[in-house]
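Input: a single structure, listed below in structure tokens.
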Amino acid sequence: MIDPADWKPTGGLLLEPNALSAVIEETRDTFVSAGPGAGKTELLAQRADFLLRTGLSPYPRRILALSFKVDAARNLRERVRARTGPGGAARVDSLTFAAFAKRFVDNFLPVLQGPDRLDPDYRLDERVRVAQRQITFDDLVPLALRILDRNDFAARVTRRAYGHVFLDEFQDTTGRQYELLRRLFHEQDAVVTAVGDFNQRIMGWVPDARDDVLDQYKADFDVVPLTLYQNRRSAPAVRRVVNRIVADLDAPSAVPPEEIIGDEGTVQILAFDTDRDEAEAVAATIRAWLDNGVPIGEIAVLIRQQPHLLGQQLMSALDRNEIAFRNEQVTQNSLAEPLAELIVDFLRVITGDREPEAYTRLLRLGSRLSTTEEAALRFDSRLKRFLRDCTLAAKDTTFDAGSTDAWRTLIGSFLTLIGRPTVNTLSAAYTQGIRYDEVINETLALLEERLGTGDGALAGVRRLSEPDAIRVLTIHKCKGLEFQKVVVLGVERETFWSKPGKERATLSEFFVAVSRAKDELVLTHTRQRSADPTPLRWHERRTPFGKYLAYAEV
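Residue numbers (the working numbering): 798 to 1351.
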């Protein structure tokens, strides 16, 4: 342990004064307002390091970090590990609100009785409820609140577990989520650190959205308000676009244009007659980026809605150009599961030449349940030998690499070696019900889809993993992420439409999209878009959205 006065940011970073104040606050709750690129995730990771290394978060109490998207929770988890090391990261629970609520419900399941009662092996579904047997993700927080209504012990246990709470993307907190936070931690000894940017509020369409959540938080908690001003992520050319949008969303938050100096970065507007022309040009641009050494995981295509329709031509063009991509509308939630990440790491190691990060993550498994250093070393030896054997098996000419069943056998052997108790430490969801088997089957289904793309079995396996594919995702799913190269597809009135009175929310979505880019931003629009099949209310004739495109014009 070190004295708080002696703590320094890890990684040799220099934090701006308000960021440092938020990181080293010892007793009061804070709200940090920070725009894109200001370092919200880094701030929380540095705060975790500060609390753990100074003993202000003493063992066995943990830190609870809540995010809205699975990718954001994973990114925070990885950043915390980079700053605190594996020992510190093991004491930080980085979860989505839904995952935290599910863990809470699972831990106190017997409290739910009557119409709320759930079977021990209940399932989760996106939309369908079945009494006692199946609930939706939207049911989790309300059920957690009903447990609090009936059992104060549940609240006391949770408060003893967590001495500090981090809230990421606080501006999108819903009424029920805030109520869960308030009832668990208001006027308790836990210290809450919330970060967000109300210019990036894009979840206002959900039924339980709250416009006054920050005011309520300030009224309920003894909040220290802080603001981060510096964009540390984007090149000047991109920052100027972002700043012009901020000037319309929240004029006091914009910086004087003359303060954004430098010629670094690129912003382009590409106009086309048809979406096929658009697709071929964007695919060619992406190919040029890749040929120039841009990592494939640093490229994203952002689509406001209906990526399976709006991005249909582009995804076909990427296929024709043999450019690996992932439609995140399908894969993001499944592959963000800890068990899916474990399986993907295994596949990366046995099919790749050098995968040091994935290999290291697998070797850490030995320390999860090993009671002694000797036991951990024995497991380490068995795992290394097993990985060597599987690597040879996967490359053997007799191995049917195009068969999902062949990969299922290898994955099954791997999970048997790891052991169910170790896998259960990855998520409480695997300890009951059928979620363990569901994740394995979902991952194998995605693998089967990749194997059918025609670009080779090993390439198909490797396309499961995030660094080896272009990411095609909606704006709602891109929050908290950043990429060197970003294409925003279809900056058209028919795409970025809004209901009367909701224009600000739509502009916030556009703001989120363009602010994901670090050094190059491409905006496209076309006069005609086809769709197969053609859905209702689909507009083939398109109109460029002049107001939005003007933000990018020099």
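Ideal Cβ placement from N, Cα and C applies to all residues, glycine included.
Just so you know, these numbers come straight off a predicted model, no measurement behind them.
query, result
"Alpha helix (DSSP H) segment containing E976, residue limits", "972–982"
"Range covered by the beta strand (DSSP E) that runs through Y959", "959–964"
"The alpha helix (DSSP H) enclosing L1278, as first and last residue numbers", "Element bounds for L1278: n/a, residue is neither H nor E."
"Exposed unless 16 or more other CB atoms sit within 10 angstroms - verdict on D1008", "exposed"
"Three CB pairs or more closer than 8 Å across the stretch 961–969 and the stretch 850–867", "yes"
"Cα-Cα separation between H1322 and I1096, rounded to whole angstroms", "19 Å"
"Local Cβ density within 10 Å of F828, reported as buried at 16 or more and exposed below that", "buried"
"Close beta carbons around T1292, own chain, < 6 Å, minus the five adjacent residues each side", "R1101"
"Of the residues Y919, L942, G1108, F950, the one placed nearest T933, counting alpha carbons only", "Y919"
"As assigned by DSSP and simplified to three states, the class of R1338", "strand"
"Beta-carbon proximity list for L1160, same chain, < 8 Å, skipping 5 on both sides", "D1177, L1180, K1181"
"N1221 (DSSP reduced to helix, strand or coil)", "helix"
"The stretch 951–960 / the stretch 912–929 touching (three or more Cβ pairs under 8 Å)", "no"
"Buried/exposed call for Y1348, threshold 16 Cβ in 10 Å", "buried"
"For Q931, three-class secondary structure by DSSP", "strand"
"For L849 and A862, believed in contact at Cβ under 8 Å, the rounded distance", "Not confirmed; about 13 Å, so no contact."
"Range covered by the alpha helix (DSSP H) that runs through I1208", "1201–1215"
"Residues bridged to I1267 (per DSSP)", "F1122"
"Contiguous alpha helix (DSSP H) assignments of at least 4 residues, all confined to the stretch 1284–1319", "1300–1311"
"Nearest residue (CA-CA) to L1320, options E1350, L1286, F1308, R1339", "L1286"
"Reduced DSSP secondary structure (H/G/I, E/B, other) of G1090", "coil"
"Assumed close pair V925, Q931 - CB separation to whole angstroms, cut-off 8 Å", "6 Å"
"Contact check, V1098 vs V1284, beta carbons under 7 Å", "yes"
"Environment of T1337 [buried if 16+ CB atoms lie within 10 Å]", "Reading off the sequence shown, one finds Glu at residue 1337, where the question assumed Thr. With fewer than 16 Cβ atoms within 10 Å of its Cβ, E1337 is classed as exposed."
"First through last residue of the beta strand (DSSP E) which encompasses F1018", "Segment: none, F1018 is in no beta strand (DSSP E) and carries neither H nor E."
"8 Å CB neighbourhood of W1294 in its chain, flanking five on each side removed", "T1303"
"Local Cβ density within 10 Å of P806, reported as buried at 16 or more and exposed below that", "buried"
"Alpha carbon of E813 to alpha carbon of T1157, nearest angstrom", "33 Å"
"Reduced DSSP category for I999 - H, G, I as helix; E, B as strand; rest coil", "Because the pLDDT of I999 is 45, which lies under 50, any placement of that residue in the model is unreliable, and the number read from its coordinates should be weighed accordingly. Residue state, collapsed to three classes: coil."
"Burial state of P833, where buried means 16 or more other Cβ atoms lie within 10 Å", "buried"
"Alpha-carbon spacing of V1146 relative to I1208, whole angstroms", "12 Å"
"C-beta contact flag for E1125 and L1270 at 7 Å", "yes"
"Rounded C-alpha distance that separates V988 from R825", "6 Å"
"Buried or exposed (CB count within 10 angstroms, at least 16 for buried), S1327", "exposed"
"Helix, strand or coil at T827 [DSSP, three-state]", "strand"
"8 Å Cβ shell around L1025 - same chain, five flanking residues per side excluded", "E813, N815, A816, V829, S830, A831, G832, A835, G836, K837, L840"
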